[in-house]
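With this note's numbering applied, the sequence shown covers 1072 to 1155.
Reading through the structure tokens given below for one structure.
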Amino acid sequence: MSIKCAIKAMKKNPGDSSIIVASSGAGITGYAGAGPCIASKHAVNGLVKGFAAELADFETLEMAQIQLGLHTRKRSAAKGLLLF
């Protein structure tokens, strides 16, 4: 929904604009025990690709996606790290 609103605003105010969508590595690589998370990240990837195709006619609009990984206490403990 926020992407649709951003696109409307960007079309009304032409110029160099970008939409950046954050996802995670789970959208690229799957792993055991995280099916719903992985499915939602793949959905985000598809959403970005779909909107990018729809916006192909508007040279000044760009869609970008970044893959993020969060360092949680659980993940850090598994690697022997300590988070404060």
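All residues carry an ideal CB built from backbone N, CA and C; glycine is no exception.
If the five residues before and after I1074 are omitted, its C-beta is found closer than 7 Å to the C-beta atoms of I1090, F1122, all from its own chain and listed in chain order. Here N1116 is near S1094, since their CB atoms are less than 8 Å apart. In the displayed model, A1080 falls within a helix according to three-state DSSP.
A Cβ-Cβ separation of about 5 Å places A1097 in contact with I1109 under the 8 Å criterion.
For the pair F1129 and K1083, the CB atoms are not nearer than the 8 Å cut-off. Judged by DSSP secondary structure, L1118 falls within the alpha helix (DSSP H) whose first and last residues are 1106-1125. Buried is the label assigned to K1112, since at least 16 other Cβ atoms lie within 10 Å of its Cβ.
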